[in-house]
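**Q** Chains as they are written, first to last, in our numbering: chain F, 24 to 334; chain P, 6 to 265; chain E, 598 to 1091.
Ideal Cβ placement from N, Cα and C applies to all residues, glycine included.
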Amino acid sequence: MAARAVVLPAWRSLTPARRREALQGLLFISPWLVGFLAFTAYPMLASLYYSFSAYKILAPPVWVGLRNYAYAFNGDPLFWLSVQRTVIWVVVTVPLGIFGSLLAAVLLNRGLKGTNLYRTAFFLPSLTPTVAAALLWTWILNPRFGIANAAIEGLTGLRGPNWLADIDWALPSLAMISLWTAIGGNRMLIFLAGLQGIPQELYEAARVDGAGPIRTWWNITVPLISPAIFFNLVLGIIFSFRVFAFAFVVTEGGPARATYFYALHLYTMAFRSFDMGYGSALAWILFLTVLVLTVLNMQLSKRWVYYESLR
Amino acid sequence: MFVFPFFWTVSSSLKSPRDILTYPPPLLPAVFTWSNYPDAWTTVEFGPYFLNSTIVTGATVIGGTASGLIVAYGFARFRFPMRDALFALCLSTLMLPPEVTIIPLYVIFKNLGWLDTLTPLIVPSLLGGGAFTIFLLRQFILGLPFDLDEAATIDGASKLRILFDVIVPNAKPALAAAAVFSFINHWNEFFQALIFLNSKKNYTIPLGLYSLRTYAGDPGEPKDQLLMAGSVIATLPIIVLFFAAQRYFVQGIVTSGLKG
Amino acid sequence: MAAISRRRFLGLTAAVGGGALLAACGGGAPAPTATPVPVAKPFATVAPTSAPAAAGGAAGGSTASSAGANAAEPLITAKPPQRPEPITLRFHFRAGGDKSEPAIYVERPGEWSQVTGHKIALEPIPSGKEYPPKIVALATAGNLGDLMFTSVSEANHFFFVQNKLIEPVDDYLPKYNIKKEEWVSAIIKTLTIGGKMYGMPKASNPAEAHFAINLKLFEEAGLKKPEIYGNSFDDLRNWAIKLTKGPPDRRDVYGIYSHTYANQAVTNGVRARGADLIDAAGEKSLVDSPQFNDWLQWNYKLYREDKVHPMPDVLKPGDSNALAGMFAAGKIAISQIHRSWMVAFKTAVGDKFPWMFVQHPKLPNAKGWVANIDTHSATTQSKYKDEAFTLTYALADRRFAYVVAKGQGYLTGRVDNLEAIGPELAKDPFLQIQQKCTEEEEPWWIAKNLRQLEVEAELLNQLDTVWLGKRPPDKAFIGDLKKALDDVLAKPPL
């Protein structure tokens, strides 16, 4: 109903030309709209309903009001625990991931010899199926026989940490693995695509004007790839809040829940205990949090992201 | 540093069960057990899985990227009421963990009669290609100047024409990136395949690989080496594709000296 | 959907038939609980065949010998009523089972198929812990198969029963003249919920109620070869201390591996000392008992004071392959062993050194071991309940016990296991210990709100902080542990 109140007056105030544009726009986005209404809207609303119910899937949901939410904030010791693990993760891996992949993209963009090979080499980690990567890294980070500690001992004579088996090192170990995967992966490609999209004339013009590399970087490169930075930042935040795969396969949330991320808690509740009502509540809490952060991001982006053609 | 892990994966894939049980774990297999590859292929019956994965991934990459482009074009180049709100809604679909929506989705697919087919893995992606692709392409299109669009409009081109003649050529790196991500995501998608597929003949590769995992209480011989071999087999197409897609990343913007 | 092909089935029965001739004199088996004879020779000679390829090498009997283990005994004793047309049963189980346990998922169903004329479509479900979600998804769509694997230890059995996915067997047993007493009473009690019994036991044995001992290391340390039964906790600890070699923070050889990473192992440890982990009603934890404290302190000493137990940095908890590897390399002298690790252990050790099994120590007032049951159960959604039931019985009867012991090296939950498998196989010391432990079982506790897995997770994660040295195992710890477990047990029921 609110939509109608907004849309109708807005519609009325458009000129015929603009109305045509609007219709065309809606037509172009219609594949997504149809898909959304068919496959996304109902499941989302259903899960919202479940979050207010006790639901174990094999029996109809039973309304319990705010009980699940109350338990999350004020009763479940694992809720705040998993939030803390996840927040640390986000704060550490998002900036490092963006910085690292940008660096990699810049290096590759120089067009040095063998770029093709480097590009593939960088990208290889993100191609490895999770299950295989899990075995791989368990081996590398084996405290006794892994090459990580062998290298540390060989170079410094000190004993390396116990990595994934150590309560204090488990989360940093996973962060390390994640960065190894992330640096050469999707984000780097996006940055590469963005860098490739900068017309060479601009650099020429800057050179002619006598600008040094730092000025060129901040005044030309960064603004022109700011949509890509924004993209990686937004998605980086969204996905890092949902960190799950490696913790699930390698550490199973341990040791002693050191790597017990929010998404892992959600999965455990939803699909191990089949407490789908509580799992849905957890999901919606996450959803709203990330939504708020993303909207904030989008608002702030107006200040620093440069779009050639945003209207 | 980046390549070594892959080297280790291949090395492990050539180990025998005795190597797996050797302590400390060796770097190289004692005997290069090449038979692991055919064994993995037959144990898991990779043939049909490969076909299924190819069908699903091929359809979603091509169809999804194309429809994602269309939708992104709509969001980037047109103004209409509630546009930004709808875009935020689109983005928000990435934020809700799939675990909680998969059961209602399952019921929808059951009512459509699509269970135990590859359809549920393909069709949703065709309707917009997923928020990831849409977001990516929209950002990219927003980075393209209007000049080319306007020039084409003056020449009498329709919006659709502009899409094909102006946007697409300039968006090749982004399209290639979107295609590659889509490929990887769909090739490695496990959870949806687990829930929606039933018969072995419809399995995709991730499901097949999963059955090579040793679960707690599995009394059989170690299977890690088969898992690694299977993973190598499963990863090869992606590598090949990536190599092929390389050249699109190198292609720069078509500049026609319109500036100024 | 792999229906058993006739050709493959014939090949398998040929192999089985060859071995079957050996066990033909099953009727004259020794008394079930005779004093077991310790065997001090390498296991290579008694290793069961674990893959069909190996079994093919056995005496190539003719297909006529597929008549059964005993010439007198039929292959299938419970036959469903005749049907005009053959039907196909859909059988859910954990993927990989057809390769790791072909005796159970290929051979025996093949025999049933041959006798009844019906087909079986195997529907493996990928992975272990993802098994329940898939079953639930299938059930939600009304698409569940005819029979499926369930596990008590993984807690999915009770969940399925409570959600009415499993058909009770009480009506079928008399119909086919089957007596519940064929199986150990602890099993019957555990599987009986609300007065009805659910599922046919595939296996039940207190999975880690035994230790493997490296006799070569014992000899080198000047220790006498131990008895199979009657050892004490102090014995184990003293041996471990003598057997450990190397500097304390970087041992070369660890004296002992004690399994502390599964709630069944913890429960067994406590029960062996005379108490239990959770009360009978499933509402309160009993970790404030002196017996739990004994268990805790005993293991703590091994981990952190005597340092004779490999820490997680050396051995990843739950990595049974690595454990087998270490044992075989002589890095661990005494290892608690789960029956499903037998193949890995036997493969790894080969004939490197002589080894034997001893039973888990227990006090005179010990309670029974946990009944660690796996079942195959007919589902409520099946349209062919009689056929499904008879197949589940075929996976729990006398002949099944034989097939499993021969092919997989462990026992099912039957009272008459040692007779059913014949004297040749019954000589295996490991099987003898297993049978004894099986008979000493008592039902497993069930959390009243069915949140078994959450209880286990809480228990193991808290214990981690102790083993890893973050907390001492003092009264405060036990207090926190009890509160945490009680909180989980007090959560609303599922």
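1. Measuring only the C-alpha atoms, how far is THR685 (chain E) from PHE267 (chain F)?
2. Along chain F, in chain order, which residues have C-beta atoms closer than 9 Å to that of THR98 (chain P)?
3. Pull up the CB-CB distance for ILE970 (chain E) and PRO798 (chain E), whole angstroms please, since I reckon it's below 8 Å.
4. DSSP beta-bridge partners for ILE1096 (chain E)?
5. Going by beta carbon distance, what residues of the same chain come within less than 7 Å of ASP983 (chain E), once the five residues before and after it are set aside?
6. Relative to the C-alpha of GLU779 (chain E), which residue among E:ALA993, E:SER750, E:HIS754, E:ALA926 is closest?
7. Between E:PRO907, E:GLU1037, E:GLN888, E:GLU817, which lies nearest to PRO556 (chain E) when the distance is taken from Cα to Cα?
8. Out of curiosity, what's the CA-to-CA distance linking SER105 (chain F) and ASP1071 (chain E)?
9. For VAL117 (chain F), which option in F:TYR226, F:PHE253, F:GLU176, F:GLY58 has the closest C-alpha, if you only look at C-alpha atoms?
10. Do you know how far the Cα of ARG834 (chain E) is from the Cα of PRO961 (chain E)?
11. Show which residues of chain P have a CB atom less than 8 Å away from the CB atom of PHE102 (chain F).
12. Under 8 Å, Cβ to Cβ, is there at least one residue of chain P near LYS731 (chain E)?
13. What is the DSSP secondary structure of GLN933 (chain E), counted as helix, strand or coil?
14. Please confirm if GLN47 (chain F) has its CB atom under 8 Å from at least one CB of chain P.
15. Check for me: the alpha helix (DSSP H) holding SER53 (chain F) runs from which residue to which?
16. Would you mind giving the Cβ-Cβ distance between ILE763 (chain E) and GLY796 (chain E), rounded to the nearest angstrom? I have them listed as a contact below 8 Å.
17. What residue range does the beta strand (DSSP E) around PRO951 (chain E) cover?
18. Are the C-beta of ASN4 (chain P) and some C-beta of chain F separated by less than 8 Å?
19. By the criterion of Cβ-Cβ separation under 8 Å, what are the contact partners of TYR78 (chain P) in chain F?
20. Taking Cβ to Cβ, would you say PRO250 (chain F) is nearer than 8 Å to ILE75 (chain P)?
21. Any idea what DSSP makes of MET100 (chain P), helix, strand or coil?
22. Starting from the beta carbon of SER16 (chain P), find every residue of chain E whose beta carbon is closer than 8 Å, and list them in chain order.
23. Span of the alpha helix (DSSP H) holding MET67 (chain F)?
24. Within 8 Å (strictly less), CB to CB, does GLY220 (chain F) reach chain P?
25. Just the C-alpha distance for ILE810 (chain E) and ASP846 (chain E), rounded to the nearest angstrom, thanks.
26. Among residues of its own chain, excluding the 5 on either side of PRO823 (chain E), which ones have a beta-carbon nearer than 6 Å to its beta-carbon?
27. Where does ASP24 (chain P) sit, in a helix, a strand or coil, going by DSSP?
28. Against chain F, does ASP229 (chain P) count as a neighbour if the rule is that its beta carbon must be under 8 Å from one of theirs?
29. Assuming VAL863 (chain E) contacts LYS928 (chain E) (C-beta within less than 8 Å), just tell me the rounded distance between them.
30. When you compare the CB positions of VAL1063 (chain E) and PHE1074 (chain E), do they come within less than 8 Å of one another, or not?
31. Hey, how far is the Cα of VAL940 (chain E) from the Cα of SER917 (chain E)?
32. Excluding the 5 residues preceding and the 5 following ALA95 (chain F) in the sequence, name in chain order all residues of the same chain whose CB lies nearer than 7 Å to its CB.
33. Given that a residue counts as buried once 16 or more other Cβ atoms are within 10 Å of its Cβ, and exposed if not, what is PRO1069 (chain E)?
34. Mind pulling the chain F residues with CB within less than 7 Å of LEU1065 (chain E)?
35. Is the stretch 32-44 of chain P close to the stretch 242-249 of chain P, with three or more CB pairs under 8 Å?
36. Would you check if the distance between the CB atom of TRP186 (chain F) and the CB atom of LEU164 (chain F) is smaller than 8 Å?
**A** Here's the rundown:
1. 39 Å
2. PHE59, THR63, MET67
3. 5 Å
4. Nothing in the structure corresponds to residue 1096 (chain E), since chain E is present only between 598 and 1091.
5. Annotation for ASP983 (chain E): PRO677, PRO678 place their beta carbon closer than 7 Å to its own, counting only its chain and skipping 5 residues before and after.
6. E:ALA993
7. Residue 556 (chain E) lies beyond the stretch modelled for chain E, which goes from 598 to 1091, so this question has no answer here.
8. If you draw a straight line from the Cα of SER105 (chain F) to the Cα of ASP1071 (chain E), it is about 26 Å long.
9. F:PHE253
10. Whole-angstrom Cα-Cα distance: 19 Å.
11. Within chain P, no residue comes near PHE102 (chain F); the closest Cβ sits about 15 Å away, beyond 8 Å.
12. LYS731 (chain E) counts as touching chain P.
13. strand
14. yes
15. 39-58
16. 6 Å
17. From DSSP, PRO951 (chain E) is part of no beta strand (DSSP E); its letter is neither H nor E.
18. Chain P is shown from 6 up to 265; residue 4 (chain P) falls before or after that span and cannot be answered.
19. The answer, in chain order, is PHE51.
20. no
21. coil
22. Ordered by position in chain E, no residue passes the 8 Å Cβ test against SER16 (chain P), which lies about 17 Å from the chain.
23. 65-74
24. yes
25. 23 Å
26. Take PRO823 (chain E), set aside five residues on each side of it, and the residues of its chain with a beta-carbon closer than 6 Å to its own are VAL955, in chain order.
27. helix
28. It does: the Cβ of ASP229 (chain P) has a partner Cβ on chain F nearer than 8 Å.
29. That belief does not hold up - the Cβ atoms of VAL863 (chain E) and LYS928 (chain E) are roughly 24 Å apart, past 8 Å.
30. Contact: yes.
31. 11 Å
32. PHE102, ALA304, LEU305, ILE308
33. exposed
34. ILE190, PRO278, ALA279, listed in chain order.
35. no
36. yes
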